[in-house]
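These notes concern the structure reproduced below.
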Amino acid sequence: MKQKYRNPLVTVDIIIEIDDGIVLIKRANPPYGWALPGGFVDYRETLESSAVREAKEETSLDIKLKEQFHSYSEPDRDPRHHTVTTVYIAKGIGIPKPADDAKKVGVFTKSSLPEPIVFDHKKIIDDYFRYTEGELRTNIFLL
2 MKQKYRNPLV
12 TVDIIIEIDD
22 GIVLIKRANP
32 PYGWALPGGF
42 VDYRETLESS
52 AVREAKEETS
62 LDIKLKEQFH
72 SYSEPDRDPR
82 HHTVTTVYIA
92 KGIGIPKPAD
102 DAKKVGVFTK
112 SSLPEPIVFD
122 HKKIIDDYFR
132 YTEGELRTNI
142 FLL
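Counting from 2, one number per residue, gives the positions in the sequence shown under my numbering.
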């Protein structure tokens with residue numbers, strides 16, 4: 002009997018900094034709510050090129066990647082299937098406009114975050130703000 006292997010799907014999410022806030026999209030598809038721009042990495046695509054493509058597709062923004070932030074791999078982070086995401090921090094260039102599967106787009110600060118935020122993106126955003134405030138180093142916060 003041949004064994005069937007199941008592997009997690011590879012995704013990217015992007016924390017786009019613009020106008021003293023970060024860009025979030027309101028999803029047009031389930032699960033509904035606000036999320037970081039991002040999506041699945043296409044076959045023969047690098048993580049970085051996927052991040053640039055997904056940001057443009059969902060927010061109409063060009064971005065300049067600043068750094069790779071962290072990877073998140075909890076098996077239940079996405080209710081649809083097991084995904085592993087690599088998160089990038091980027092500078093947004095242009096005016097955000099919803100596109101692709103984004104119903105709305107907004108720029109939010111730590112004190113103005115919308116609800117609900119889907120997937121594990123609230124944790125990612127909280128980690129990002131802790132990082133920018135100097136409370137977190139991304140290479141050591143696994144434990």
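In this text, a Cβ means the ideal position worked out from N, Cα and C, and glycines have one as well.
My output table needs one value for residue i: the three-state DSSP class, helix, strand or coil.
i, result
"T133", "helix"
"D14", "strand"
"A52", "helix"
"K65", "strand"
"I96", "coil"
Please return the same chain residues whose Cβ sits closer than 6 Å to the Cβ of residue i, not counting the five positions on each side in sequence.
i, result
"H122", "A36, L37"
"S72", "T87"
"Q4", "none"
"E18", "K92"
"A52", "V13, I15, Y89"
Looking only at DSSP bridge pairs, what is residue i linked to?
i, result
"V88", "D14, H71"
"L25", "G107"
"I125", "According to DSSP, I125 bridges with nothing at all."
Since residue i contacts residue j with CB under 8 Å, what's their CB separation in whole angstroms?
i, j, result
"I26", "P99", "7 Å"
"A40", "T12", "Here the sequence assigns Gly to residue 40, which means Ala is not the residue at that position. Rounded, the Cβ-Cβ distance is 6 Å, consistent with contact."
"P32", "P80", "6 Å"
"A29", "I64", "Not quite, the Cβ-Cβ distance comes to about 21 Å (not below 8 Å), so this is no contact."
Identify, in the order they occur along the chain, each residue of the same chain with its Cβ nearer than 7 Å to the Cβ of residue i, setting aside the five sequence neighbours on each side.
i, result
"I141", "With a pLDDT of 47 at I141, under the threshold of 50, the modelled position of this residue cannot be trusted; read the value that follows with caution. No residues qualify anywhere along the chain."
"S61", "G95, P97, K98, A100"
With residue i as the anchor, note down where its beta strand (DSSP E) starts and where it stops.
i, result
"F41", "39 to 41"
Leaving out five residues on either side along the sequence, give the residues of the same chain with a beta carbon under 8 Å from the beta carbon of residue i.
i, result
"S113", "G22"
"D20", "V108"
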